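Residue numbers (this note's numbering): 110 to 226. Ideal Cβ placement from N, Cα and C applies to all residues, glycine included. Just so you know, these numbers come straight off a predicted model, no measurement behind them. Reviewing the structure listed below.
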């Protein structure tokens with residue numbers, strides 16, 4: 110049995126998370142969702158996803174403030190930063206595994222990045 114690529118989405122917008130879950134599951138990814146920064150960081154540590162989609166404005170903190178720690182502890186992680194309030198110019202250390210997406214995000218843009226697993 111083929112091991113699925115695991116994606117963790119940390120975002121407090123529940124409807125958005127459901128749309129994303131449906132999108133990624135249709136491409137055969139395993140999807141994990143956390144609606145707070147603290148629960149998301151716990152899941153990141155325990156579940157070891159391959160890809161992280163991290164919102165910035167969360168109820169218990171700003172996700173983007175944790176990028177350096179996340180990358181240092183998970184150097185192979187592909188990280189997608191998303192926000193309706195911040196853009197790529199707000200990120201000073203964009204490594205090769207980091208992309209920035211501004212909300213709203215078009216699924217057609219995702220199709221260019223996320224191939225079927």
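If you draw a straight line from the Cα of residue 222 to the Cα of residue 165, it comes to about 20 angstroms. Note: residue 166 is bridge-paired with 171 in the DSSP secondary-structure output. Residue 186 is not bridged by DSSP to any residue.
Straight-line measurement puts the Cα of residue 123 at about 22 angstroms from the Cα of residue 176. Contact annotation: residue 224 and residue 207 have beta-carbon atoms that are not nearer than 8 angstroms. Uninterrupted alpha helix (DSSP H) stretches at least 4 residues long and entirely within the region 121-148 occur at 123-135, given in chain order.
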